[in-house]
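> The opening position of the sequence shown corresponds to residue 175 in our numbering, with each subsequent residue numbered one higher.
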Amino acid sequence: MDSIQIFLGMAAVITAYMLWFSHLSRRLSTGPNLWPVVGSLPYLFNNQHRIHDWIAGNLRRTGGTATYQTCTIAIPFLAFKQGFYTVTCHPKNIEHILRTRFDNYPKGPQWQAAFHDLLGQGIFNSDGETWLLQRKTAALEFTTRTLRQAMNRWVNRTIRTRLWKILETAENEKKPVDLQDLLLRLTFDNICGLTFGKDPMTLSPDLPDNPFASAFDSATESTLQRLLYPGFLWRLKKTFQVGAEKRLQKSLQVVEEYMSSALNARKENPSDDLLSRFINKKDQNGNAFADDVLKRIALNFVLAGRDTSSVALSWFFWLVMNHPEIEAKIVDEISTVLKQTRGDDPAKWVRDPLEFDEADKLVYLKAALAETLRLYPSVPEDFKYVVNDDVLPDGTFVPAGSTVTYSIYSVGRMKTVWGEDCMEFRPERWLSGSGSESESGGGYRFDPPKDGYKFVAFNAGPRTCLGKDLAYLQMKSVASAVLLRYRLLAVPGHRVEQKMSLTLFMKNGLKVFVEPRELNGGVAACA
Ligand code: HEM
Ligand SMILES: *[C@@H]1O[C@H](CO)[C@@H](O)[C@H](O)[C@H]1NC(C)=O
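1. Per DSSP, ARG619 is paired with what?
2. Taking any heavy atom of ligand 2 as the mark, which residues have a C-beta closer than 7 Å to it, listed down the chain?
3. Would you report the Cα separation of PHE463 and PHE370, rounded to the nearest angstrom?
4. Tell me whether THR482 counts as near ligand 4, meaning its Cβ is closer than 8 Å to at least one heavy atom of that ligand.
5. If I measure Cβ to Cβ from SER445 and keep anything under 7 Å in the same chain, skipping five residues before and after, which residues do I get?
6. Is ARG400 near ligand 1, judged by its Cβ being under 8 Å from some heavy atom?
7. Could you tell me whether the segment 649–664 touches the segment 481–497, using the rule of 3 or more Cβ pairs below 8 Å?
8. Taking the Cβ atom as the reference point for each residue, do VAL553 and LEU422 lie within a distance shorter than 9 Å?
9. Along the chain, which unbroken stretches of the beta strand (DSSP E) at least 3 residues long are found entirely within the segment 610–694?
10. Any idea if LYS310 is buried or exposed, counting beta-carbon neighbours within 10 angstroms, 16 or more meaning buried?
11. Should GLY641 go down as buried or exposed, given a rule of 16 or more other Cβ atoms within 10 Å for buried?
12. Work out the CA separation of THR189 and LEU360 for me, nearest whole Å.
13. Is DSSP giving THR239 helix, strand or coil here?
14. Work out the CA separation of GLY231 and THR570 for me, nearest whole Å.
15. Under the rule that 16 or more other beta-carbon atoms within 10 Å means buried, what is VAL565, buried or exposed?
16. Could you tell me the distance, in whole angstroms, from the CA atom of TYR646 to the CA atom of TYR538?
17. Give me, in chain order, the residues of the same chain whose beta-carbon lies closer than 7 Å to that of LEU307; leave out the 5 immediate sequence neighbours on both sides.
18. Could you tell me the distance, in whole angstroms, from the CA atom of ARG234 to the CA atom of ASP355?
19. Only counting the same chain, and skipping five residues up and downstream in sequence, which positions put a Cβ closer than 7 Å to that of ALA312?
20. Just to confirm before moving on: does the CB-CB distance between THR126 and SER581 stay below 9 Å?
21. In the DSSP assignment, find the alpha helix (DSSP H) that holds VAL485 and state where it starts and stops.
22. Give the straight-line distance between the Cα atoms of TYR403 and ALA472, rounded to the nearest whole angstrom.
23. Under three-state DSSP, which class holds ARG525?
24. So the candidates are PHE414, LEU182, LYS424 and THR318; which of them puts its Cα closest to the Cα of THR394?
25. What whole-angstrom Cβ distance do VAL429 and ALA389 have, given they're in contact under 8 Å?
26. If you count every other CB in all the chains shown that lies within 10 Å of the CB of HIS264, and 16 or more means buried, which is it?
27. Tell me, to the nearest whole angstrom, how far the beta carbon of LEU487 is from that of MET649; I am working on the premise that it is less than 8 Å.
28. Cβ of LEU512 within 9 Å of Cβ of LYS503?
29. Quick check: the Cα distance between LYS161 and PRO520, rounded to an integer number of angstroms?
30. Exposed or buried, what is ARG319 when buried is set at 16 or more other beta-carbons lying within 10 Å of its beta-carbon?
31. Please classify GLN323 as buried or exposed, where buried requires at least 16 neighbouring CB atoms within 10 angstroms.
32. Which of helix, strand or coil does DSSP assign to ALA418?
33. For the segment 467–485 against the segment 326–340, are there 3 or more C-beta pairs whose distance is under 8 Å?
34. If you draw a straight line from the C-alpha of GLY238 to the C-alpha of ASP227, how long is it?
35. Whole angstroms is fine: what's the gap from ARG691's alpha carbon to LEU658's?
This is the structure in structure tokens:
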């Protein structure tokens, strides 16, 4: 074939694709207008700095009624086959996708292929039997008290030996800190400790660059980039080892070496981490897991549990800074609980991070954290692949091979789901009971909505987040450790904005000054 023929052939294929794309665009069109050739691209481009709010706006406009909250976003040539996203935030649809017709909505082949080099067939990146076996094994471990104790030990240590030191220095030198960065480091250290018993100590006074952490970051980023382009493009780049694919390869090597040494260490010297537990388990054939599989399993947990809690905590602190009356209630509750367990002297309240049963009593704090996740879910949009043609409960048709997105961010911001005041930060909506100070838990009970699909920050159904309780424990401990000792003040001119990524980071971090807090009894917290 000469080059003219190749050119004509390609032109024909592209034209055919475009015609088909336009046809389907018209057929599926609900929500934002779909343009003939470019689909939703013009809108996406215009709204690229506020994607989640743009999606929520579209869903609100689809009628804003309780019966219909679905729209279609179409992007030609996207990696997700066909580029059609059905986006929904209707709790009934979400239940249908996550539970009722679970088998029709797996992570799917594009997702799995993109993540395969980093995550292999691990729990976070598999479907069907492969997933189910790991899920069962892991679920057993996650209910054990020893795992919660292990988490609390790691958190306790990072707070005492590092977070408090850094905040103390910031206080003394009156220098701002980027709280989000500190929290990202803290949770990364914790999840590594919990997963494979080795703390990379990325949270240290001089905030060092850590080769493993950077390699892991870079591998995650390059992997996500794969999802932005048609599959053949990254495969081609991979074959020729250029651009992001070359970086990915390098990062994976660093990650691989680090995990090998962690695995060897745990084989010689087992501990109460997840990896040690999996070393002793058997696969479906009754054999021990191969080294490579063990490393992947550990990496899946690191990815699942690393940024989510730190991002949630960042939004929590920001919301609390902007709602002094809620801040006061939180500090009050912690003080009341610690008075019972540690006595009247506030110096004793701030000496050590929370014990296990102390954390359990903090009901108002838990409500404030859940309320944060309602408005700022760490995973703002999530995707599933459609195996067979299906119709969602609200009547939306979803074609086989397309992608359905459920917008966790939007569910929390629908009046039809959360009421007229859905945009307000109001922890009380999670509580029932008197709120009387004399009873334990301030007389409150944590009382989430009866319909579990109104709040899906931790996912729901068979693939519910396994780390939810651990995450609440960790977040409560960090929240108390910071708020009992310090008042946080916004750095003038610092803008808090959402970063447009699959995790709801703050784009410019969270820059704050810290000032010592005076606790009831007039004793300076940090004296
Ligand atoms: C505030 C903190 C957290 C949030 C908001 C969160 C949220 C989520 C979400 C949305 C999913 C579903 C992802 C998907 O399948 O597309 C998930 C899954 C998962 N999470 Fe979490 N997570 C948090 C913390 C953690 C922690 C600390 C751990 C581990 C210690 C963890 C372990 C997992 C695992 C293993 C899965 C996969 C479950 C499965 O596919 O069967 N998570 N989480
Ligand atoms: C935290 O560490 C300190 C010092 O080792 C210890 O006294 C305290 O009991 C620990 N708390 C928890 C919850 O592990």
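Backbone N, C-alpha and C define an ideal beta-carbon position, used for all residues, glycine too.
From the atom records:
1. SER606
2. ASN326, ARG327, ASN330, ARG331, ARG334, ASP526, PRO527, LEU528, GLU529 and PHE530
3. 15 Å
4. Absent from the structure shown: ligand 4. Ligands present: ligand 1 and ligand 2.
5. GLY371
6. no
7. yes
8. no
9. 618–620, 660–664 and 685–690
10. exposed
11. buried
12. 51 Å
13. In this prediction, THR239 scores a pLDDT of 48, lower than 50, which makes its location untrustworthy; no coordinate-derived value is stated.
14. 18 Å
15. exposed
16. 12 Å
17. GLN458
18. 34 Å
19. ILE297 and LEU640
20. Since the first residue of the chain shown is 175 and the last is 701, residue 126 is not available in this structure.
21. 481–495
22. 28 Å
23. coil
24. LYS424
25. 5 Å
26. buried
27. 6 Å
28. no
29. The structure shown has nothing for residue 161, since the chain only spans 175 to 701.
30. exposed
31. exposed
32. helix
33. no
34. Summary for GLY238: the model assigns pLDDT 49, below 50, so the residue's position carries little reliability, and this model does not support an answer.
35. 7 Å
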